[in-house]
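In what follows, a single structure is set out as structure tokens and then discussed.
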Amino acid sequence: MKLCKCQMPAMVILASFLGMLLHQPQCAVSAFQFRPSQWDLSGRQNERQSMDKGKGNGGSNRPADIERTQIDTVDGISAEVLFIIPKPTSFVSNIMVGKKAGKPPLVFLHGSFHAAWCWAEKFFPYFADLGYPVVALSWRGTNGTFAGEGVKKVKAAEHCQDLDAFLSQLPDILGSKLAGDASAPKPVVIGHSFGGIIIMKYLEKCGKKPSDVFGGIVMMCSVPPSGNGKMTSRFLRRSLVQSWKITAGLALKKCIGDRALCRDLFFGGQPVEAADGSVDDLGVSDEDLVRYQGCFERDTAATIDLLNLGRNLPSKATDGEGRAPFAADLPPCMVLGASDDFIVDQEGNEETARYLGLDAPVVVDSPHDVMLGAKWKNAAATLRDFVERL
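In mature numbering (1 follows the signal peptide of the UniProt record, and there is no 0), the protein residues as written are -23 to -1, 1 to 367.
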């Protein structure tokens, strides 16, 4: 997009304003008790089972039983974990529905404004029904993982510390035969949005070969190694309106109360009314949208410290080609982007792919929240294809 000279001063002013907003403390949400988790696990599970029954999400009508536990981190934080251990099935039944025995646990890590619940809605029953143990951590600062009185910012190093504690306790959560045992397959880790950049920082600092920790790594609409800075500049050049929506929606948390903005950022845009009067809500009903916004509010008590992250970006340790220092020791990897992503652009996905030594990302038809809404199966099927090739 070419800009006339009269637009340039406005661009500079807005760029400075956006930069200040992105590095200012987040506004505090209203007083709320963050323990126990306010996500009604049993209620959502029953509703989901009734919706999914008969749809053949993964090959049978067998409902999935989601369990919830708390784990202790090194510094005493009690972190929420949701998981499903698939019901045992016979070898013959596995063959009949195309399931392999000894499947790796799938470890799901969410991004900002979300928590473990976002995976439990649709991905958990889908993959558990295929025989995969599934487990998700709620990052420190979300509703299920209280960050501490008065804590508003969480450093990336603290998230990495919690991730390390979480991974070390997988055998206790899932059982040694599914995780931790020498014969058990290594877990596949899946990070969405800011969850992806935390995986990068963890691999950079954990002191282990990535292939010794994970059997596979998947980045979904991940914040790239260079963080949000370069993407913000690109958005500014493309559209002042889009740049403002991202800043207002995320940095100022306006998406929590603004349905239209929330739809644009996470769920693919506004409902469309056809000539016959029917309405396509893009797979996210107003009821679900309000429910998700309530979760977003509860899950932003403390947010990632962007100033600290900016000083410690994964891109600072890359080689001349943008590859990670541990690229030679990676297990099979996939970078998945979304065609209608309002937050992470294609250049960002390509940067993440280079970081992991890949030629290009895989792009699916989806908005940013690839795990929710009507198009969730596009990302789920792509992830399934990846893990079944491991």
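Note that CB positions come from ideal geometry on N, CA and C, so glycine has one too. Here the structure is a predicted model, which is why all the values come from computation and not from measurement.
{"Item": "Tell me which residues share the same chain as Glu328 and place their Cβ nearer than 7 angstroms to its Cβ, disregarding the 5 neighbours each side in the sequence.", "Value": "Pro201, Pro202, Ser203, Gly299"}
{"Item": "Could you give the C-beta distance for Pro65 and Pro110, rounded to a whole number, given that I count them as a contact under 8 angstroms?", "Value": "With 8 angstroms as the limit, Pro65 and Pro110 do not qualify as a contact, their Cβ atoms being about 12 angstroms apart."}
{"Item": "Inspect the beta-carbon positions of Pro338 and Asn355 and report whether they are closer than 8 angstroms.", "Value": "no"}
{"Item": "First and last residue of the beta strand (DSSP E) that includes Asp253?", "Value": "Counting along the chain, Asp253 falls outside any beta strand (DSSP E), and DSSP gives it neither H nor E."}
{"Item": "Below 8 angstroms on the Cβ atoms is my guess for Ala351 versus Phe100; work out the distance and round it to an integer in Å.", "Value": "So it is not a contact: roughly 14 angstroms between Cβ atoms."}
{"Item": "Confirm, please, whether the CB-CB distance from Thr277 to Lys231 is below 8 angstroms.", "Value": "no"}
{"Item": "Pick from Tyr332, Phe60, Asp318: whose alpha carbon is nearest that of Asp296?", "Value": "Tyr332"}
{"Item": "The alpha helix (DSSP H) spanning Thr122 covers which residue range?", "Value": "Unbroken run through Thr122: none, as it is neither H nor E."}
{"Item": "Kindly indicate which three-state DSSP category Gln247 falls into: helix, strand or coil?", "Value": "coil"}
{"Item": "Tell me the rounded alpha-carbon separation between Ser255 and Val267.", "Value": "21 angstroms"}
{"Item": "Should Gly193 be labelled buried (16 or more other beta-carbon atoms within 10 Å of its own) or exposed?", "Value": "buried"}
{"Item": "By alpha-carbon positions, which one of Ser153, Ile320, Thr280, Phe191 ends up nearest to Ser220?", "Value": "Ile320"}
{"Item": "Given the structure, does Ala159 come close to the ligand ADP, in the sense that its CB is under 7 angstroms from one of the ligand's heavy atoms?", "Value": "No copy of the ligand ADP appears in this structure; indeed no ligand is present at all."}
{"Item": "So for Cys310, helix, strand or coil by DSSP?", "Value": "strand"}
{"Item": "Quick check on this structure: which residue in Leu242, Asp258, Phe243 has the alpha carbon closest to the alpha carbon of Val249?", "Value": "Asp258"}
{"Item": "Of all the options Ala142, Gly157, Leu140, which has the alpha carbon lying nearest to the alpha carbon of Pro148?", "Value": "Gly157"}
{"Item": "If Ile176 and Gly168 are in contact, beta carbons under 8 angstroms, what's the gap, nearest whole angstrom?", "Value": "4 angstroms"}
{"Item": "Alpha carbon to alpha carbon, what distance is there between Gly246 and Phe123?", "Value": "32 angstroms"}
{"Item": "Can you have a look at Val218 and say buried or exposed, based on whether 16 or more other CB atoms are within 10 angstroms of its CB?", "Value": "exposed"}
{"Item": "Our contact map puts Leu114 next to Leu86 with C-beta atoms below 8 angstroms; I'd like the distance itself, whole angstroms only.", "Value": "6 angstroms"}
{"Item": "If you follow the beta strand (DSSP E) that Met197 is in, where does it begin and where does it stop?", "Value": "193 to 197"}
{"Item": "My guess is that Ile48 and Gln146 are in contact by the Cβ rule of under 8 angstroms, so how many angstroms apart are they, rounded?", "Value": "5 angstroms"}
{"Item": "Where Lys222 and Asp235 are concerned, what is the direct C-alpha to C-alpha distance, given to the nearest angstrom?", "Value": "11 angstroms"}
{"Item": "How is the alpha helix (DSSP H) around Gln270 delimited, first residue to last?", "Value": "263 to 275"}
{"Item": "Under a three-way DSSP split, which group does Pro187 fall into?", "Value": "helix"}
{"Item": "From this set, Ala97, Leu227, Ile43, which residue's C-alpha is nearest Thr209's C-alpha?", "Value": "Leu227"}
{"Item": "Consult DSSP for Ser145 and reduce its assignment to one of helix, strand or coil.", "Value": "helix"}
{"Item": "Would you give the residue range spanned by the beta strand (DSSP E) that Val165 belongs to?", "Value": "165 to 169"}
{"Item": "How many whole angstroms separate the CB atoms of His281 and Phe171, which I take to be in contact at a CB cut-off of 8 angstroms?", "Value": "The amino acid occupying residue 281 in the given sequence is Ile; His does not appear at that position. Rounded, the Cβ-Cβ distance is 6 angstroms, consistent with contact."}
{"Item": "Using the Cα positions of Val347 and Arg211, report the straight-line distance between them to the nearest angstrom.", "Value": "22 angstroms"}
{"Item": "Based on the DSSP output, what are the partners of Leu367 in its beta bridges?", "Value": "Paired residue(s): none; Leu367 is not in a bridge."}
{"Item": "Short of 8 angstroms in beta carbon distance, which residues of its chain neighbour Pro2, apart from the five on each side in sequence? Order them along the chain.", "Value": "With a pLDDT of only 35 at Pro2, under 50, the local geometry of the prediction cannot be trusted, and no value is derived from it."}
{"Item": "State the DSSP-derived secondary structure class of Ala93, mapped to helix, strand or coil.", "Value": "coil"}
{"Item": "Keeping to the same chain, check which residues put their C-beta closer than 6 angstroms to that of Val340; ignore five residues upstream and five downstream.", "Value": "Gly314, Ser316"}
{"Item": "Under a three-way DSSP split, which group does Leu259 fall into?", "Value": "coil"}
{"Item": "Exposed or buried, which one is Thr224 when buried takes at least 16 other CB atoms within 10 Å?", "Value": "buried"}
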